[in-house]
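For the sequence shown, UniProt numbering begins at 1 and goes up steadily by one.
Please read the structure below before turning to the comments.
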Amino acid sequence: MKFTVAIALSPLDQITELARTAQECGYSAIALPDSIFYPEKVAADYPYTPDGSRFWNAETPWADPFVAAAAMGAVTDEIRFYTQVLKLGPRNPLLLARQVQSIAVLTNNRFGLGVGIGWTPEEFEWCGAPFENRGARVDESIEVLKLVLGGGMVEYHGRFFDFDKLQMSPAPSERVPIYVGGHTERGLRRAARVGDGWSSAMIKFDDLKATIERLAQLRAEYQRADEPFEIQAVCIDRFGVDGYRQQADIGVTDVLVAPWMFYGVGMDGDLAAKQDGMKRFADEIMHKL
1 MKFTVAIALS
11 PLDQITELAR
21 TAQECGYSAI
31 ALPDSIFYPE
41 KVAADYPYTP
51 DGSRFWNAET
61 PWADPFVAAA
71 AMGAVTDEIR
81 FYTQVLKLGP
91 RNPLLLARQV
101 QSIAVLTNNR
111 FGLGVGIGWT
121 PEEFEWCGAP
131 FENRGARVDE
141 SIEVLKLVLG
151 GGMVEYHGRF
161 FDFDKLQMSP
171 APSERVPIYV
181 GGHTERGLRR
191 AARVGDGWSS
201 AMIKFDDLKA
211 TIERLAQLRA
221 EYQRADEPFE
231 IQAVCIDRFG
241 VDGYRQQADI
251 GVTDVLVAPW
261 MFYGVGMDGD
271 LAAKQDGMKR
281 FADEIMHKL
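So, in structure tokens, the structure goes:
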């Protein structure tokens, strides 16, 4: 089992040192959050809290995940980075492909793209993308990304995106994995059909187990059961050595944690306290697994 450090909501002046420490302690990756902007009012509920409220506010620090990955990649040489998850719906896939290509090359293939549709109508509309047909648009966006990142002269003619032959160079020397988020049936089908893995939001163990079983059924349906597939989990009710073993037993391959929070340090906590929490978690949990 791998362990990924989730840096969401952390002050931006801490992230490069958190990346250094994560690599030193043996964590597998850094999970990069995504938020384009904070609308004062939103027309939809946040889907992953009981009451639909956002658990961050207008002052919460965010960085563009590609800029953050570049900064952290420049001070490390082993640890990986992936978005968890990037809001794909509001973005143009060609512009996005250039960002992904650049960071994959500059980090020597240490980048994975975790994607979701996005839930805020305002982020779509104010970025020039329609909220309607967002699922179908995201499906085409993933096709465009895979095509362009594969290298060479390519063209695409779809319902939402259409371009003649073009090329982005240099192409990554290894395929950029795409992890798909979403807890709905459509989201799970998308992950099983085109993803290199599935990335969860906050979820309880029993629901996680049922979701993994459903993904296995869908992957078999799409004749992909024998292909490698990551399960990136944010399980909120199984912790400690035994809890993570239980997660591994049901098929989790990658656990996302903010290690310092197990020792009473918040996301806005002191850098040294966070680093101490990362080291303690590695010694007390990771190295015992």
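Using N, Cα and C, we set each Cβ at its ideal position, and we do this for glycine too.
Note that the structure is a prediction, hence the values are computed from the model and not measured.
query, result
"Hey, quick one: how far does the beta strand (DSSP E) through Ala52 stretch, first residue to last?", "Note that residue 52 is Gly in the sequence shown, not Ala. Here Gly52 belongs to no beta strand (DSSP E), and DSSP marks it neither H nor E."
"For Trp119 and Arg134, I'd like the C-alpha separation in whole angstroms.", "10 Å"
"Just the C-alpha distance for Gly158 and Leu218, rounded to the nearest angstrom, thanks.", "25 Å"
"Please name the residue or residues paired with Cys235 in a DSSP beta bridge.", "Ile203"
"Can you tell me where the beta strand (DSSP E) holding Leu96 begins and where it ends?", "Per DSSP, Leu96 belongs to no beta strand (DSSP E); it is in the alpha helix (DSSP H), 93-106."
"Does DSSP classify His183 as helix, strand or coil?", "coil"
"Compute the beta-carbon to beta-carbon distance between Phe205 and Arg245, rounded to the nearest angstrom, for a pair I have assumed lies under 8 Å.", "Wrong, their Cβ atoms sit about 12 Å apart, outside the cutoff."
"Starting from the Cα of Pro259, find the closest Cα among Asp283, Gly251, Thr253 and give me that residue.", "Asp283"
"Look up Ile36 in the DSSP assignment and say whether it is helix, strand or coil.", "coil"
"In the DSSP assignment, what residue or residues form a beta bridge with Leu215?", "Its beta-bridge partners do not exist; DSSP assigns none."
"Let's test the definition: count the other Cβ atoms within 10 Å of the Cβ of Phe55 and tell me whether it reaches 16, buried, or not, exposed.", "exposed"
"I need the straight-line Cα distance from Met202 to Asp77, nearest angstrom please.", "30 Å"
"Quick one: what does DSSP say Arg80 is sitting in, helix, strand or coil?", "strand"
"By the three-class DSSP mapping on this structure, what secondary structure does Val255 have?", "strand"
"Does the distance from the CB of Gln23 to the CB of Ile103 come in under 7 Å?", "no"
"Kindly identify the DSSP beta-bridge partner or partners of Leu113.", "Ile178"
"Using only alpha-carbon positions, find the residue among Ser10, Glu143, Leu88 that is nearest to Gly68.", "The amino acid at residue 68 is misidentified as Gly; the sequence shows Ala. Among Ser10, Glu143, Leu88, the Cα nearest to that of Ala68 belongs to Ser10."
"What runs of the beta strand (DSSP E), each 3 residues or longer, lie entirely inside the stretch 120-180?", "154-157, 162-166"
"Taking the alpha carbon of Leu95 as the reference point, which residue from Pro121, Ala71, Ser141, Ile178 has its own alpha carbon closest?", "Ser141"
"From the DSSP output, which residues share a beta bridge with Ala31?", "Ala6, Tyr82"
"Could you give the distance in angstroms between the alpha-carbon of Gly152 and the alpha-carbon of Pro90?", "26 Å"
"Excluding sequence positions up to five away, which residues of its chain have a Cβ less than 6 Å from the Cβ of Arg193?", "Tyr222"
"Based on Cα-Cα distance, which residue from Gly73, Ile36, Pro65 lies nearest to Ala58?", "Ile36"
"Are the stretch 207-217 and the stretch 158-167 in contact at 8 Å, needing three or more beta carbon pairs?", "no"
"Whose C-alpha, out of Tyr27, Arg186, Thr60, Thr16, is nearest the C-alpha of Arg280?", "Tyr27"
"Enumerate in chain order the residues of its own chain whose CB-to-CB distance from Val241 is below 7 Å, with the five nearest sequence positions on each side excluded.", "Ile285, Lys288, Leu289"
"Under the rule that 16 or more other beta-carbon atoms within 10 Å means buried, what is Arg186, buried or exposed?", "exposed"
"Check Gly230 in the structure and name its three-state DSSP category.", "According to the sequence displayed, residue 230 carries Glu and not Gly. In this structure, Glu230 counts as strand in the three-state DSSP scheme."
"Between the alpha carbons of Ala273 and Leu256, how many angstroms are there, rounded?", "19 Å"
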